[in-house]
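The working numbering numbers the first residue of the sequence shown as 26 and each following residue consecutively.
By construction, the Cβ of each residue, glycine as well, lies at the ideal position given by its N, Cα and C atoms.
Below: the structure, in structure tokens.
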Amino acid sequence: MTTRAVARGVGHYLPDRIVPNSEFEESIETSDEWIRARTGIERRHFAAEGQTTSEMAALAAEAALKMAGMEPDDIDAVIVATSTADLTFPSAATMVQERLGMTRGFAFDVQAVCAGFVFALANANALIASGQAERVLVIGAETFSRIMDWSDRTTCVLFGDGAGAVVLEAAEGDGTNADRGILATDLNSDGRHKDILYVDGGVSTQTTGYLRMQGKEVFRHAVEKLAQTAHASLAKAGLSGDEVDWIVPHQANLRIIKSTAQKMGVGMDRVVVTVQDHGNTSAASIPLALSVGVARGQIKQGDLLVTEAIGGGLAWGSVVLRW
Ligand code: ACO
26 MTTRAVARGV GHYLPDRIVP NSEFEESIET SDEWIRARTG IERRHFAAEG
76 QTTSEMAALA AEAALKMAGM EPDDIDAVIV ATSTADLTFP SAATMVQERL
126 GMTRGFAFDV QAVCAGFVFA LANANALIAS GQAERVLVIG AETFSRIMDW
176 SDRTTCVLFG DGAGAVVLEA AEGDGTNADR GILATDLNSD GRHKDILYVD
226 GGVSTQTTGY LRMQGKEVFR HAVEKLAQTA HASLAKAGLS GDEVDWIVPH
276 QANLRIIKST AQKMGVGMDR VVVTVQDHGN TSAASIPLAL SVGVARGQIK
326 QGDLLVTEAI GGGLAWGSVV LRW
């Protein structure tokens, strides 16, 4: 017998304000046509003034708990993947705990930028496999609109705000890749690439800063590393690309998504794509795509999924799970 971390519920929250590409045409030299052609993005959501990451995270969590048929106090651990927490401390996760009315368990944040949700899933899996927790709420939530330099057309058109959440629960499997739950994880980082994607501010420099990116360099690494990590986690699970029902990729750029799927030998009819509607929501993008994929009826119980993501650090990784 093997203890598996099985998804019991998923949910998401998107702020009300939808910003189409055309809105940027008024303030910077860009066009709807350029943004669509280079990124696949058509619109994104931006948080309302005063709306915080933990607020959106808690709303996504409530939806996931509802699907799981669980109460907040059924949860042993809350992990929030975010680079845009409300405050320097405490963690967004403890704020979610408080917002949900939880009176027990433990909570912490994971910061691996756009790969954050994959890192959080791997941590949740380890907590469940070790017996430290039975039920873990894993959330990705971001307000990247707060770290945009609105005069930089190479970055400000790419990102959006939102949150997604998954409830994982321990269940006994027979130890084969036919089990439901997380089957394999693969995590990587390489700090030598820290300067190609970063925020030029932070607590110890007493500024908030703005996101800075060498887009072409990030693109090059993404295309190479995402297929590599997906193959690595599939190999750990004793599986290959043709057995995958759905790739649920980090939603940064449609061209990156297509190229990774191609390298994995998976057709685009088996890829969950939401980037056109959400833009890049960093750590929120995978749980948002999972939630939308389930709501659309694409992802069904028993399907084999691969999630993969790369972000600042660079940090990248993948998770293979049977839904
Ligand atoms: N509108 C119009 N023109 C633009 C815009 C814009 N919004 N942005 C850039 N351009 C211009 C450039 O200035 C350049 O003009 P020039 O030739 O006169 O110098 C031209 O378009 C081409 O620019 P490139 O940077 O070469 O365009 P590219 O095809 O590489 O696309 C993009 C840029 C979309 C940013 C791409 O490189 C990309 O998607 N990179 C990956 C980014 C990414 O995924 N980041 C997230 C990673 S995850 C995380 O942790 C946040």
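Where does S343 land, buried or exposed, given buried means 16+ other C-beta within 10 angstroms?
-> For the purposes of this step, residue 343 is taken as residue 318 along the sequence shown, with counting starting at 1. Looking at its Cβ environment, which holds 16 or more other Cβ atoms inside 10 Å, S343 is buried.
Assign K219 to one of two classes, buried (16 or more other C-beta atoms within 10 Å of its C-beta) or exposed (fewer than that).
-> For the purposes of this step, residue 219 is taken as the residue at position 194 of the sequence shown. Exposed: under 16 other Cβ atoms inside 10 Å.
Is L259 buried or exposed, if buried means 16 or more other CB atoms sit within 10 Å of its CB?
-> Walking along the sequence shown from the start, residue 259 turns up at place 234. Answer is buried; the Cβ neighbour count reaches 16.
Of the residues K241, D294 and N278, the one placed nearest D267, counting alpha carbons only = Position 242 of the sequence shown, counted from the first residue, corresponds to residue 267. Among K241, D294 and N278, the Cα nearest to that of D267 belongs to D294.
Could you give the DSSP three-state label for F184: helix, strand or coil?
-> Residue mapping note: residue 184 aligns to position 159 of the sequence shown, counting from 1. F184 falls in the strand class under three-state DSSP.
To the nearest whole angstrom, what separates the beta carbons of V345 and L315, a pair I think is in contact under 8 angstroms?
-> As a first step, residue 345 must be located in the sequence shown, where it is residue number 320. As a first step, residue 315 must be located in the sequence shown, where it is residue number 290. A Cβ-Cβ separation of about 14 angstroms leaves V345 out of contact with L315 under the 8 angstroms criterion.
Does the stretch 105-125 come close enough to the stretch 154-168 to have 3 or more Cβ pairs within less than 8 angstroms?
-> Three or more beta-carbon pairs drawn from the stretch 105-125 and the stretch 154-168 are found closer than 8 angstroms, and the two stretches are therefore classed as touching.
Leaving out the 5 sequence neighbours to the left and right, which residues in its chain are closer than 7 angstroms to T113 when beta-carbon positions are compared?
-> For this step, residue 113 is matched to residue 88 along the sequence shown. Here the set comprises V228.
Span of the beta strand (DSSP E), counted from its first residue to its last, around M238 | Residue mapping note: residue 238 aligns to position 213 of the sequence shown, counting from 1. Looking at the DSSP string, the run of the beta strand (DSSP E) that includes M238 is L236 to M238.
How big is the Cα-Cα spacing for I324 and V297?
-> Taking the first residue of the sequence shown as position 1, residue 324 is located at position 299. Taking the first residue of the sequence shown as position 1, residue 297 is located at position 272. Those two C-alpha atoms are separated by around 9 angstroms.
Beta carbon of A3: closer than 7 angstroms to some heavy atom of the ligand ACO?
-> Here the chain covers residues 26 to 348 and nothing more, so residue 3 does not appear.
K176: which of A286, A320 and T55 sits nearest, CA to CA?
-> The count along the sequence shown starts at 1 and reaches residue 176 at position 151. In the sequence on display, residue 176 carries Ser and not Lys. Looking at the Cα atoms, T55 is the closest of the given residues.
Could you give the distance in angstroms between the alpha-carbon of K250 and the alpha-carbon of A262?
-> The residue labelled residue 250 in the question sits at position 225 within the sequence shown. The residue labelled residue 262 in the question sits at position 237 within the sequence shown. Whole-angstrom Cα-Cα distance: 19 angstroms.
Looking at the structure shown, is F133 part of a helix, part of a strand, or coil, going by DSSP?
-> Residue numbering aside, residue 133 sits at position 108 when the sequence shown is read from its first letter. Correct three-state label for F133: strand.
Looking at the structure shown, is R68 part of a helix, part of a strand, or coil, going by DSSP?
-> Residue 68 sits at position 43 when you count from the first residue of the sequence shown. Correct three-state label for R68: strand.
Cβ-Cβ separation, V31 to A196 (assumed contact under 8 angstroms), whole Å | In the sequence shown, residue 196 corresponds to position 171, counting from 1. In the sequence shown, residue 31 corresponds to position 6, counting from 1. Yes, A196 and V31 are in contact; Cβ-Cβ is about 4 angstroms, under 8 angstroms.
Taking only the alpha-carbon atoms, compute the straight-line gap between L125 and I153 and give it to the nearest angstrom.
-> Counted from its first residue, the sequence shown places residue 125 at position 100. Counted from its first residue, the sequence shown places residue 153 at position 128. Between L125 and I153, the alpha-carbon positions lie close to 21 angstroms from each other.
For S307, which of T77, Q122 and F169 has the nearest alpha-carbon?
-> Stepping through the sequence shown from its first residue, residue 307 is reached at position 282. For the residues T77, Q122 and F169, the minimum Cα distance to S307 belongs to F169.
Verify whether the separation of the beta carbon atoms of Q301 and G65 is less than 8 angstroms.
-> Translated into positions along the sequence shown, residue 301 becomes position 276. Translated into positions along the sequence shown, residue 65 becomes position 40. Yes, these two residues count as a Cβ contact at 8 angstroms.
If we ignore side chains and look at the alpha-carbon of each, how far apart do G141 and L183 end up?
-> Residue mapping note: residue 141 aligns to position 116 of the sequence shown, counting from 1. Residue mapping note: residue 183 aligns to position 158 of the sequence shown, counting from 1. One C-alpha to the other measures close to 18 angstroms.
Taking the alpha-carbon positions, what's the A247 to G156 distance?
-> Along the sequence shown, read from residue 1 onward, the residue named residue 247 stands at position 222. Along the sequence shown, read from residue 1 onward, the residue named residue 156 stands at position 131. Our two residues, A247 and G156, have alpha carbons roughly 34 angstroms apart in a direct line.
Could you tell me whether the Cβ atoms of V192 and A334 are closer together than 8 angstroms?
-> Your numbering for residue 192 matches position 167 in the sequence shown. Your numbering for residue 334 matches position 309 in the sequence shown. Taking C-beta atoms as the reference points, V192 and A334 fail to come closer than 8 angstroms.
Residue range of the alpha helix (DSSP H) that N148 falls in?
-> The residue you call residue 148 lines up with position 123 of the sequence shown. Segment G141 to A154, the alpha helix (DSSP H) holding N148.
Which of helix, strand or coil does DSSP assign to D41?
-> Within the sequence shown, numbered from 1, the residue matching residue 41 stands at position 16. For D41, the secondary structure class from DSSP, reduced to helix, strand or coil, is coil.
Examine the ligand ACO and report whether any of its heavy atoms sits within less than 7 angstroms of the Cβ of G206.
-> For the purposes of this step, residue 206 is identified with residue 181 of the sequence shown, where counting begins at 1. No, Cβ of G206 sits at least 7 angstroms from all heavy atoms of the ligand ACO.
Simplified DSSP assignment, three categories, for G318 | In the sequence shown, the residue the question calls residue 318 occupies position 293. Collapsing the DSSP output to three states places G318 in a helix.
Nearest to L264 (by Cα), restricted to the options M289, G240, E159 and H275 = The sequence position of residue 264 within the sequence shown is 239, counting from 1. Answer by Cα proximity: M289.
Compute the minimum distance between the beta carbon of M289 and the heavy atoms of the ligand ACO, and state whether it is under 7 angstroms.
-> Residue mapping note: residue 289 aligns to position 264 of the sequence shown, counting from 1. Distances taken from the Cβ of M289 to the heavy atoms of the ligand ACO include none shorter than 7 angstroms.
Going by the C-beta, is G337 closer than 7 angstroms to any heavy atom of the ligand ACO?
-> The residue you call residue 337 lines up with position 312 of the sequence shown. Yes - the ligand ACO has a heavy atom lying nearer than 7 angstroms to the Cβ of G337.
When every heavy atom of the ligand ACO is checked, does at least one fall within less than 7 angstroms of the C-beta of R217?
-> Numbered from 1 along the sequence shown, position 192 holds the residue referred to as residue 217. For R217, the Cβ stays outside the 7 angstroms cut-off from all heavy atoms of the ligand ACO.
For the candidate residues N305, G337, W348 and L279, whose alpha-carbon lies nearest to that of G322?
-> As a first step, residue 322 is located in the sequence shown; it is residue number 297 there, counting from the start. Taking only the C-alpha atoms, the option nearest G322 is W348.
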